[in-house]
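Note sheet for the following structure.
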Amino acid sequence: MVTPEVAPPGRDDPPTRPAPSGPPPAGTRPARRGLREQARIARILGLTGAILMGISALGSGAFPVPNPLNGLRLIGLPSRNVTLAIAVTYAGLLMVVTAWLWIARMLTARGARHPAPERRELGRTAMLWAAPLALAPPMFSKDIYSYLAQSATLARGIDPYAIGPAQALGIDDPLVRGIPTVWRDTPAPYGPLFLGLGRGITALSGENVVLGILEHRVLALAGVALLVWVLPRLASRFDLDAGLVLWLGAANPLVLFHMVSGIHNESIMLPLLLLGLWVVLGRDRVVQPWWRITAGAVLIVAAASVKLPALLALGFVGVYLVRLRGGRLADWAVMTAWLSAVAAAVLTFFSLATGLGFNWVRGLSAPSVLISPMSISTNLGLLAGQVGRLAGLGDHTDTTMALMRGLFVIPIAIVVVALLLGCLRGTVDPVTGTGAGLGAVVLLGPVVHPWYLFWALLPLVATRAMPLYRRGLLLLSAVLAVVVPPTGADFIFRGFQLPLAIVAGVVMFALSLLVVARLLRTRAAAPQPARDPEPAR
Numbered sequence: 001m002v003t004p005e006v007a008p009p010g011r012d013d014p015p016t017r018p019a020p021s022g023p024p025p026a027g028t029r030p031a032r033r034g035l036r037e038q039a040r041i042a043r044i045l046g047l048t049g050a051i052l053m054g055i056s057a058l059g060s061g062a063f064p065v066p067n068p069l070n071g072l073r074l075i076g077l078p079s080r081n082v083t084l085a086i087a088v089t090y091a092g093l094l095m096v097v098t099a100w101l102w103i104a105r106m107l108t109a110r111g112a113r114h115p116a117p118e119r120r121e122l123g124r125t126a127m128l129w130a131a132p133l134a135l136a137p138p139m140f141s142k143d144i145y146s147y148l149a150q151s152a153t154l155a156r157g158i159d160p161y162a163i164g165p166a167q168a169l170g171i172d173d174p175l176v177r178g179i180p181t182v183w184r185d186t187p188a189p190y191g192p193l194f195l196g197l198g199r200g201i202t203a204l205s206g207e208n209v210v211l212g213i214l215e216h217r218v219l220a221l222a223g224v225a226l227l228v229w230v231l232p233r234l235a236s237r238f239d240l241d242a243g244l245v246l247w248l249g250a251a252n253p254l255v256l257f258h259m260v261s262g263i264h265n266e267s268i269m270l271p272l273l274l275l276g277l278w279v280v281l282g283r284d285r286v287v288q289p290w291w292r293i294t295a296g297a298v299l300i301v302a303a304a305s306v307k308l309p310a311l312l313a314l315g316f317v318g319v320y321l322v323r324l325r326g327g328r329l330a331d332w333a334v335m336t337a338w339l340s341a342v343a344a345a346v347l348t349f350f351s352l353a354t355g356l357g358f359n360w361v362r363g364l365s366a367p368s369v370l371i372s373p374m375s376i377s378t379n380l381g382l383l384a385g386q387v388g389r390l391a392g393l394g395d396h397t398d399t400t401m402a403l404m405r406g407l408f409v410i411p412i413a414i415v416v417v418a419l420l421l422g423c424l425r426g427t428v429d430p431v432t433g434t435g436a437g438l439g440a441v442v443l444l445g446p447v448v449h450p451w452y453l454f455w456a457l458l459p460l461v462a463t464r465a466m467p468l469y470r471r472g473l474l475l476l477s478a479v480l481a482v483v484v485p486p487t488g489a490d491f492i493f494r495g496f497q498l499p500l501a502i503v504a505g506v507v508m509f510a511l512s513l514l515v516v517a518r519l520l521r522t523r524a525a526a527p528q529p530a531r532d533p534e535p536a537r
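Residue numbering for the sequence shown follows full-length UniProt numbering, starting at 1 and increasing by one per position.
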């Protein structure tokens, strides 16, 4: 008799474990039950924190001016005691971060058999935690009001890259009043695709700020859904645990707080970038067909049409494809010409379709008007200016800051070139190169915000670099998740208000941990019901 041939497992298939031949060792079932119980309590803790954040956002959120909840009997109650609302927000925020770290520890624990929860449970947990934040007012940033005003400027036929919203619409326009003072006279720094999408939103919402926020949030949630879809597929190229990658990336508190709640346009830029990388690279390390290369390049350039730094990925993709094709001079010429043509065609299409031309290029420097306390180059420039003042040389802070920011372009270029050479030699894959290169652009650039960490975090979390920096990622994500006040910019705190709210939030969080610890002890001490032994397999 001829036995049928069984195909060997593919590279992307998960590794199989031999089935146990005998009964499980003593203590295995209680250990698994304990892991599942811990995961269940962690999920409930995170969901409770997200619900508390969603409710308290009615008082601590980044509201427009005037607050549309003022005067409402029940819904407007949290806004009448902002200190208490902020305290509850911080308590819920700490619950979400703690639960996220708790589940991440279960997923990365060595020696744990079948750590809970599994990938489907992780996806459901992330959606449950995101739901209260998606239904609540915006928190942590007021950038959404700049998006609305800049899109309305374009919709009225005014160039948003030439003047700021206050000049274009008037200081008393309802779309302008919610913008922080520092950004009211600043032209748009975003690409033509994003403003084109915003113009479509303005056509539906008009001057209705609340409706405009909801429409932008739907767009952001679509981006997060795409992120959930593409991250596990990128991870399969590197034989990584898809559930862990999904949890560290899409369920990260920074994603929940700044993409879902804060509605930053990274929720559009980064999913398009990662999808483009996946389309170009495919599942196997072979040269993909030209239609995939072209489609992936179009997606990457579309991401750059939201925020230009995403275009860096096209360089790593090009070098990677040249290496796969043999690295000959003809390969360099063909790939460079083709990718450059695709980039030029896509950027030209978006620029002309929005009627903006290439004026958006001059708006790229707009964010640098802000003094960012997290920027290394900005802080060194400020320090040099203060040293000059103390030495009696006068106040040249603006000059030293501009000079230091210019000098830091050199280390950024060195890091990017070194990564490109590594990609050419085959020691750096294009996803890792993109993440590390964007990380250099962020950390050494003139403006750094906590949500800019996404530029490096989300590409790197799906590569072989992830196990090396996982602990740093967990620590950095937890710290940055709590440093931004939920009210956003331009909120006038009294001297005692924010410190008192933070202390009260920490106390409420500590009490919740006592409840969780008592619940775990009670569950561990409870006798387990007797069960019949499992039949032999």
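Each residue gets a CB set at the ideal place from its N, CA and C atoms; glycine is no exception.
Between Pro430 and Phe316, is the Cβ-Cβ spacing less than 8 angstroms? Yes. Within cutoff.
What are the start and end residues of each continuous alpha helix (DSSP H) run of 4 or more residues lying completely inside the stretch 115-172, in chain order? DSSP runs (the alpha helix (DSSP H)) wholly in the stretch 115-172: 119-135, 143-155 and 165-169.
Taking Val245 and Ala478 to be in contact with their CB atoms under 8 angstroms, please state how far apart those CB atoms are, rounded to whole angstroms. 18 angstroms between Cβ atoms; not a contact.
CA-to-CA distance, Tyr452 to Leu195, given in whole angstroms: Answer to the nearest angstrom: the Cα atoms are 19 angstroms apart.
Please give me, in chain order, every unbroken run of the beta strand (DSSP E) with length at least 3 that falls completely inside the stretch 39-108. The stretch 39-108 contains no whole beta strand (DSSP E) run of 3 or more residues.
For residue 546, the nearest candidate out of Ala152, Leu248, Arg292 and Ala134 (CA to CA): The requested residue 546 is not part of the displayed model; the chain covers only 1 to 537.
Cβ of Ser151 within 8 angstroms of Cβ of Gly198? Taking C-beta atoms as the reference points, Ser151 and Gly198 count as a pair closer than 8 angstroms.
I need the straight-line Cα distance from Met259 to Leu424, nearest angstrom please. If you take the alpha carbons of Met259 and Leu424, they lie about 34 angstroms apart.
Helix, strand or coil: which one does DSSP assign to Arg323? In the structure shown, Arg323 falls within a helical segment according to DSSP collapsed to helix, strand and coil.
What did DSSP end up calling His258 once you bin it into helix, strand or coil? Secondary structure of His258 (DSSP, three-state): helix.
Pick from Ala136, Phe454 and Val447 that is closest to Ala436, judged by C-alpha positions: For the residues Ala136, Phe454 and Val447, the minimum Cα distance to Ala436 belongs to Phe454.
Beta-carbon proximity check, Gly243 vs Glu118, cutoff 8 angstroms: Yes; because the gap between Cβ atoms is below 8 angstroms, this pair is in contact.
Reduced DSSP category for Ser375 - H, G, I as helix; E, B as strand; rest coil: Coil.
In chain order, each alpha helix (DSSP H) run of at least 4 residues that lies wholly inside the stretch 265-314: Runs of alpha helix (DSSP H) with 4 or more residues, each lying fully within the stretch 265-314, are found at 266-281 and 290-304, listed in chain order.
Going by beta-carbon coordinates alone, are Gly123 and Val228 separated by less than 8 angstroms? Remark: C-beta atoms of Gly123 and Val228 approach each other more closely than 8 angstroms.
Quick check on DSSP: helix, strand or coil for Gly22? A caution first: Gly22 carries a pLDDT of 45, below 50, which makes its placement in the model unreliable, though a value can still be read off. Per DSSP, reduced to three states, the secondary structure at Gly22 is coil, with no helix or strand assignment.
For Asn265, is the classification buried or exposed, using 16 other Cβ atoms within 10 angstroms of its Cβ as the cut-off for buried? In the assembly as shown, Asn265 is a buried residue. Its beta-carbon has 16 or more other beta-carbons within 10 Å.
Kindly indicate which three-state DSSP category Arg177 falls into: helix, strand or coil? DSSP places Arg177 in coil when its eight states are reduced to three.
Looking only at C-alpha atoms, which of Arg362, Val346, Leu281 and Ala344 sits nearest to Val322? That would be Leu281, whose Cα lies nearest to the Cα of Val322.
With a CB to CB cut of under 6 angstroms and the five nearest residues on each side skipped, what residues in its chain are close to Arg217? Setting aside the 5 residues that flank it on each side, Arg217 is surrounded in the same chain by Ile263, each with a C-beta closer than 6 angstroms to its C-beta; the list follows chain order.
Closest by C-alpha distance to Leu222, when choosing among Thr48, Arg43, Ala42 and Ile268: The sequence given here has Ala at residue 222, not Leu. Distances from the CA of Ala222 to each of Thr48, Arg43, Ala42 and Ile268 were compared; the closest alpha carbon is that of Ile268.
Neighbourhood of Leu519 by C-beta, 8 angstroms cutoff - its chain only, sequence neighbours within 5 removed: Excluding the 5 residues flanking it on each side, Leu519 has same chain C-beta neighbours closer than 8 angstroms at Ile41, in chain order.
Can you confirm whether Pro271, when its beta carbon is compared against all beta carbons of chain D, has any partner nearer than 8 angstroms? No chain D appears in the structure shown, which is made up of a single protein chain.
Can you tell me where the alpha helix (DSSP H) holding Ala353 begins and where it ends? Taken as a continuous stretch (DSSP letters only), the alpha helix (DSSP H) holding Ala353 covers Leu329 to Ala353.
Need the endpoints of the alpha helix (DSSP H) that Arg425 sits in, please. Run containing Arg425: Val409 to Arg425, per the alpha helix (DSSP H) assignment.
Quick check on DSSP: helix, strand or coil for Glu207? Correct three-state label for Glu207: coil.
Going straight from the alpha carbon of Trp183 to that of Val483, what length do you get? When rounded, the separation of the alpha-carbon atoms in Trp183 and Val483 is 21 angstroms.
For Trp100, is the classification buried or exposed, using 16 other Cβ atoms within 10 angstroms of its Cβ as the cut-off for buried? So Trp100 counts as buried.
Check whether Pro253 and Val96 have beta carbons under 8 angstroms apart: Their beta carbons are under 8 angstroms apart, which means Pro253 touches Val96 by this criterion.
Shortest alpha-carbon distance to Leu324 belongs to which of Gln288, Ala297 and Leu308? Checked all of Gln288, Ala297 and Leu308; the closest Cα to Leu324 is Gln288.
Whose CA, out of Val82, Arg328, Val342 and Ala391, lies closest to the CA of Trp290? Taking the Cα of Trp290 as reference, the smallest distance to any Cα among Val82, Arg328, Val342 and Ala391 is reached at Val342.
Following the continuous alpha helix (DSSP H) through Thr432, name the residue where it begins and the one where it ends. Unbroken alpha helix (DSSP H) run through Thr432: Pro430 to Leu443.
Helix, strand or coil for Asn252? Go by DSSP, reduced to three states. If DSSP states are grouped into helix, strand and coil, Asn252 belongs with coil.
Close Cβ partners of Val301 (< 6 angstroms) along its chain, the five nearest in sequence each way excluded: Only Ala343 and Val346 meet the Cβ criterion.
According to DSSP, simplified to helix, strand and coil, what is Leu393? Correct three-state label for Leu393: coil.
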